[in-house]
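In UniProt numbering, the protein residues as written are 1 to 190. In what follows, a single structure is set out as structure tokens and then discussed.
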């Protein structure tokens with residue numbers, strides 16, 4: 001169940017499904033880089049103003065699923081207008097700043113974004129643009145990213161499936177709202 005925080009800016013209600021902390025894993029594969037499995041932690045928060053704050057950290061996973069090395073970090077801000085148009089500004093650790101525009105799908109929690117502007121520092125690698133698709137599927141946050149460089153046309157390069165992170169505070173709130181469950185627990189399944 002998705003709850004709408006009482007202090008969420010009214011314009012952000014269509015994006016409420018993004019709110020929270022997410023963690024999971026995915027795959028990255030792009031020419032010039034080694035294909036790898038990665039772990040990811042994502043956070044979408046709000047402070048009552050008309051934007052969501054976004055942070056993402058990814059890392060390469062070794063064969064046993066342990067963190068091997070950092071991969072990408074990015075942060076930014078997401079807005080949506082009355083016509084369901086989404087605008088996002090993101091900055092990555094490698095010196096890339098992007099402006100993304102897209103749209104929230106009609107009647108489903110899915111956002112399709114494309115870069116409108118890319119600025120790069122001298123330290124960043126070649127990159128000319130990208131696309132991303134985010135969706136809320138059966139309680140999970142799923143996404144796929146495409147990118148292009150001067151040498152490589154637009155193609156998928158990363159995708160992940162993320163689960164909502166449950167904090168001790170969330171567990172305590174769930175416990176307070178359980179209501180009347182049978183003492184033995186078995187009757188609940190009959």
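Don't be surprised by glycine CBs; every beta carbon is placed ideally from N, CA and C. All values derive from a computational prediction rather than experimental measurement.
Classify residue i as helix, strand or coil using the three-state DSSP reduction.
i	result
residue 74	strand
residue 14	helix
residue 169	helix
residue 29	coil
residue 24	strand
residue 119	strand
residue 187	Because the pLDDT of residue 187 is 46, which lies under 50, any placement of that residue in the model is unreliable, and the question is left without a value.
residue 151	coil
Could you tell me the boundaries of the beta strand (DSSP E) in which residue i lies?
i	result
residue 145	140-148
residue 163	155-164
residue 56	52-61
residue 38	36-45
Taking the DSSP output, what are the residues bridged to residue i?
i	result
residue 80	86
residue 114	101 and 131
residue 66	Answer is none; residue 66 lacks a bridge partner.
residue 137	140
residue 48	Its beta-bridge partners do not exist; DSSP assigns none.
Our contact map puts residue i next to residue j with C-beta atoms below 8 Å; I'd like the distance itself, whole angstroms only.
i	j	result
residue 26	residue 38	6 Å
residue 99	residue 122	Not quite, the Cβ-Cβ distance comes to about 20 Å (not below 8 Å), so this is no contact.
residue 127	residue 147	6 Å
residue 7	residue 80	Not really, about 17 Å apart at Cβ, beyond 8 Å.
residue 102	residue 119	That pair is no contact at about 19 Å.
residue 154	residue 131	7 Å
residue 24	residue 161	5 Å
residue 71	residue 89	About 21 Å; that fails the 8 Å criterion.
residue 75	residue 54	6 Å
- prompt: What runs of the beta strand (DSSP E), each 3 residues or longer, lie entirely inside the segment 83-112?
  reply: 85-92 and 96-104
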